[in-house]
Amino acid sequence: MKITIRNGKAHITSPYNTEFIAKVKEMGGRWDASTKTWAISQDLVEEAREIMRDVYGMDDQQTDIETTDVRIKFADDVESGYRAGINIMGREIAKAWGRDTGARTGDGVVFVAGKPESGGSANHWKTIIPAGCEIVIKGVPVTKLDSELPKGAEIV
């Protein structure tokens with residue numbers, strides 16, 4: 044994660060997370076395709092850092108946060124909302140791009156058993172982590188260990 048100030052704007056680089064995007068948009072953030080960053084008023088940098096800490100468990104200035112790898116087992120299917128990915132502990136675990144595309148695994152996530160899938164209808168596709176899957180999320184800030192897990196998922 045990184046925040047760069049240019050021409051009165053703070054440009055934010057961060058891992059993809061739909062919750063983070065929604066909160067940045069609420070504060071007037073706009074996607075800057077030329078720099079591939081979220082641009083907000085530079086006066087809102089501290090608010091953006093608060094959102095980073097809430098969503099990711101750390102911000103761009105916290106380089107000494109303790110992290111750990113987390114192993115999660117899924118006893119039940121976990122499904123996203125329509126046209127969405129699945130986020131756990133501030134990380135995108137998997138995301139489908141259509142009903143028949145399968146699903147892409149998020150950065151720093153390893154499926155050690157099973158694999159993510161896509162499903163739903165052509166217009167209302169979703170991401171699915173089937174029951175029996177087991178993942179390892181690498182480098183989770185310990186501040187996110189108390190995050191709520193989807194129904195049927197447990198840390199092992």
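When we follow the working numbering, the leftmost residue of the sequence shown carries the number 44, and every step to the right adds one. The beta-carbon is built from N, C-alpha and C at its ideal position, and this holds for glycine as well.
- Task: Express the C-alpha separation of residue 115 and residue 198 in angstroms, rounding to a whole number.
- Result: Working through the sequence shown from its first residue, we reach residue 198 at position 155. Working through the sequence shown from its first residue, we reach residue 115 at position 72. Their Cα atoms are separated by approximately 4 Å.
- Within 8 Å, strictly: CB atoms of residue 81 and residue 72: For the purposes of this step, residue 81 is identified with residue 38 of the sequence shown, where counting begins at 1. For the purposes of this step, residue 72 is identified with residue 29 of the sequence shown, where counting begins at 1. Yes, these two residues count as a Cβ contact at 8 Å.
- Message: Given a cut-off of 8 Å on the beta-carbon distance, is the pair residue 152 and residue 178 in contact?
- Response: In the sequence shown, the residue the question calls residue 152 occupies position 109. In the sequence shown, the residue the question calls residue 178 occupies position 135. In contact: residue 152 and residue 178 (Cβ atoms closer than 8 Å).
- By Cβ distance below 8 Å, which residues in the same chain neighbour residue 184 in space, the five residues on each side in sequence not counted? Indexing the sequence shown from 1 puts residue 184 at position 141. Cβ neighbours of residue 184 beyond the five flanking positions: 99, 100, 101, 108, 109, 110 and 133.
- Task: Go ahead and pull the three-state DSSP assignment for residue 174.
- Result: Here residue 174 is taken as the residue at index 131 of the sequence shown, counted from 1. In the structure shown, residue 174 sits in coil (DSSP, three-state: anything other than H, G, I, E or B).
- Task: With DSSP as the reference, label residue 64 as helix, strand or coil.
- Result: Here residue 64 corresponds to residue number 21 of the sequence shown, with the count starting at 1. Helix at residue 64.
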